[in-house]
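Right, one structure below, let's go through it.
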Amino acid sequence: MQNDWEIKNRGNVCSKTGREFGDGESFFTLLFREAEGFRREDLSEEAWAERNENIQPYSYWKSKYTPPPPPSPEALPKENAESLLRKLMEDSNPAYNNIRYILGLMLERKRILKPMPGSDDENLIYEHAATGETFIILNPRLSLEQIPAVQQEVGQLLSEPLNA
Numbered sequence: 032m033q034n035d036w037e038i039k040n041r042g043n044v045c046s047k048t049g050r051e052f053g054d055g056e057s058f059f060t061l062l063f064r065e066a067e068g069f070r071r072e073d074l075s076e077e078a079w080a081e082r083n084e085n086i087q088p089y090s091y092w093k094s095k096y097t098p099p100p101p102p103s104p105e106a107l108p109k110e111n112a113e114s115l116l117r118k119l120m121e122d123s124n125p126a127y128n129n130i131r132y133i134l135g136l137m138l139e140r141k142r143i144l145k146p147m148p149g150s151d152d153e154n155l156i157y158e159h160a161a162t163g164e165t166f167i168i169l170n171p172r173l174s175l176e177q178i179p180a181v182q183q184e185v186g187q188l189l190s191e192p193l194n195a
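Going by the working numbering, the sequence shown opens with residue 32, and the numbers climb by one from there.
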């Protein structure tokens, strides 16, 4: 079964030329929807200019490259909205669709995730502001009446670690 949510890591090199991106360099991210899921390509400005414009991606955007930060040692990682979202995105259980959606919106509001354009409203597409990872989250189309119950469930999961 294909997941309706995925994390696609930002590349450190151009998908077409293989050249490493420099700190602060502009590049383009393209998402293509394929039978197996989403495929991500990161292109330098040169490769973007030379691409075949007849092939239209599902979504694309321009970003500035920042090298990944060195990993920081963590004695005991605390549960927060981002770590909970990451755990739930590894789990293909559709029961977590609503929770993933609310966590995505929370992280968007905190400016940890940046919304990216998409060609439909079936999925929310986010780019992590610090790491450049792409998060694709199914939009469960919650009604206003459903949101408080899901927010309460998210609050419980944040206060009690998820058994994963």
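Backbone N, C-alpha and C fix where the C-beta goes; we use that ideal spot for every residue, glycine too. On a predicted model such as this, the values are computed, not experimentally measured, just so you know.
Compare the C-alpha of residue i against each of the options and name the closest.
i      : options                        : result
Leu173 : Ser90, Glu153, Pro101, Arg117  : Glu153
Glu81  : Pro101, Ser46, Thr97, Tyr157   : Ser46
Pro148 : Tyr91, Lys39, Phe69, Pro100    : Tyr91
Tyr89  : Lys39, Ser150, Pro171          : Ser150
Leu62  : Gly55, Arg70, Glu56            : Arg70
Phe166 : Pro179, Pro102, Leu144, Glu184 : Leu144
Gln87  : Glu191, Met120, Arg64          : Arg64
Val181 : Glu56, Glu77, Ala126           : Ala126
Gly186 : Gly49, Glu56, Arg142, Asn111   : Asn111
When the distance is taken between beta carbons, is residue j closer than 8 Å to residue i?
i      : j      : result
Leu11  : Leu115 : As displayed, the chain neither begins before 32 nor continues past 195, which places residue 11 out of reach and without an answer.
Phe52  : Lys93  : no
Tyr132 : Pro171 : yes
Glu158 : Asn40  : no
Leu189 : Asn128 : no
Glu113 : Leu138 : yes
Gly49  : Tyr96  : no
What's the call for residue i, buried or exposed, on a 16-neighbour Cβ count within 10 Å?
i      : result
Val44  : exposed
Leu175 : exposed
Arg140 : exposed
Ala161 : exposed
Ser75  : buried
Gln177 : exposed
Gly68  : exposed
Ile130 : buried
Ala66  : exposed
Glu72  : buried
Between which two residues does the alpha helix (DSSP H) carrying residue i extend?
i      : result
Pro179 : 178-190
Arg117 : 112-121
Just curious, the beta strand (DSSP E) that residue i is in, first and last residue?
i      : result
Asn154 : 154-159
Arg131 : From DSSP, Arg131 is part of no beta strand (DSSP E) but of the alpha helix (DSSP H) over 128-140.
Glu84  : Per DSSP, Glu84 belongs to no beta strand (DSSP E) and is neither H nor E.
Ser75  : 68-75
Ser94  : 90-95
Glu164 : From DSSP, Glu164 is part of no beta strand (DSSP E); its letter is neither H nor E.
Glu65  : 57-65
Lys145 : 144-147
Between residue i and the ligand MN, is the CB less than 7 Å from at least one heavy atom?
i      : result
Arg131 : The ligand MN is absent from the structure shown, which contains no ligand whatsoever.
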